[in-house]
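Engineer: Heads up, the sequence shown is in the numbering used here, so the first residue is 2 and it goes up one at a time. Yeah, the Cβ is synthetic: ideal placement off N, Cα and C, and Gly gets one too. Handing you this structure, nothing more for now.
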Amino acid sequence: MVTRASKEEALQGKELIIAGIVTNVKVSYTRSTGKPFANFVIEDFNGSMNFAVYGRDYEAFMQYMQPNLPLIIKCSLSPRFGYGQQNKDDQKPVDYELKVKRIRHLANTKEEFVRELTINVPVKIVNKKFRAELVNRLKENKGTTNLVVKFLDYDKKFAVEYVSAKYRISLNNDLLEYFETSSLGYSFVPSLSF
Numbered sequence: 002m003v004t005r006a007s008k009e010e011a012l013q014g015k016e017l018i019i020a021g022i023v024t025n026v027k028v029s030y031t032r033s034t035g036k037p038f039a040n041f042v043i044e045d046f047n048g049s050m051n052f053a054v055y056g057r058d059y060e061a062f063m064q065y066m067q068p069n070l071p072l073i074i075k076c077s078l079s080p081r082f083g084y085g086q087q088n089k090d091d092q093k094p095v096d097y098e099l100k101v102k103r104i105r106h107l108a109n110t111k112e113e114f115v116r117e118l119t120i121n122v123p124v125k126i127v128n129k130k131f132r133a134e135l136v137n138r139l140k141e142n143k144g145t146t147n148l149v150v151k152f153l154d155y156d157k158k159f160a161v162e163y164v165s166a167k168y169r170i171s172l173n174n175d176l177l178e179y180f181e182t183s184s185l186g187y188s189f190v191p192s193l194s195f
């Protein structure tokens, strides 16, 4: 993606949110000034990405430079330091990099990062027992995340959404695991405040 940014204007300056585990950290010092900087790798199920932080960014983010730490990173595709803007007369493309803007512990961001959770409920599984179990789970996991229940009728190719005014939930692994074991799909609407 970083390579494509130098050729495709649509990617230039775009913000990205990346989540993964820190797999490699290397702290070094500049030759001329002796100031520290760090290179680190974030890995997820799809691959890995390299990041570098310098100066004040290094000071702000060095606490997150620990192997095996799950992180969520907000970054942007920005011109690499020292390259400036592309000269209109010069056809040489500007070199881009992923500029880290913010880092947070992944475990601490579920509640803040997710504004709304939609549960997909096939109508075939809805009965009195299922309803009682779902309501019980929602009561056990009260929180601040908005809840939408989408009832799906696959035979008639029909869906109805119900926005819950009564239940707001707390996202945690137990609740998400319950959705998965109960054949309930789910999706998130992210908060834009990260």
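1. Nearest CA to the CA of residue 125: which residue from 144, 152 and 113?
2. Using only alpha-carbon positions, find the residue among 164, 150, 33 and 110 that is nearest to residue 74.
3. Enumerate in chain order the residues of its own chain whose CB-to-CB distance from residue 133 is below 7 Å, with the five nearest sequence positions on each side excluded.
4. Is residue 58 helix, strand or coil when you go by DSSP?
5. Identify the continuous alpha helix (DSSP H) that holds residue 39 and give its terminal residues.
6. Could you check whether the Cβ of residue 143 sits closer than 9 Å to any Cβ belonging to chain B?
7. Hey, out of 57, 127 and 146, whose CA is closest to residue 103's CA?
8. DSSP state of residue 156, grouped into three classes?
9. Can you give me the Cβ contacts of residue 177 inside the same chain, cut-off strictly under 8 Å, excluding the 5 residues immediately before and after it?
10. Which of the three DSSP states is assigned to residue 185 in this structure?
11. Out of curiosity, what's the CA-to-CA distance linking residue 160 and residue 55?
12. Relative to the C-alpha of residue 149, which candidate in 181, 26 and 118 has its C-alpha closest?
13. My understanding is that residue 76 touches residue 172, with C-beta atoms under 8 Å, so please give their C-beta distance in whole angstroms.
14. Whole angstroms are fine: how far does the CA of residue 66 sit from the CA of residue 30?
15. For residue 52, count neighbouring Cβ atoms within 10 angstroms of its own Cβ and tell me buried if that reaches 16, exposed if not.
16. In whole angstroms, what is the alpha-carbon distance linking residue 114 and residue 130?
Structural biologist: Answer, in terms of the structure:
1. 152
2. 110
3. none
4. helix
5. No alpha helix (DSSP H) holds residue 39; the beta strand (DSSP E) holding it covers 37–45.
6. Here there is only one protein chain, and chain B is not present.
7. 57
8. coil
9. 187
10. coil
11. 50 Å
12. 118
13. With 8 Å as the limit, residue 76 and residue 172 do not qualify as a contact, their Cβ atoms being about 23 Å apart.
14. 15 Å
15. buried
16. 32 Å
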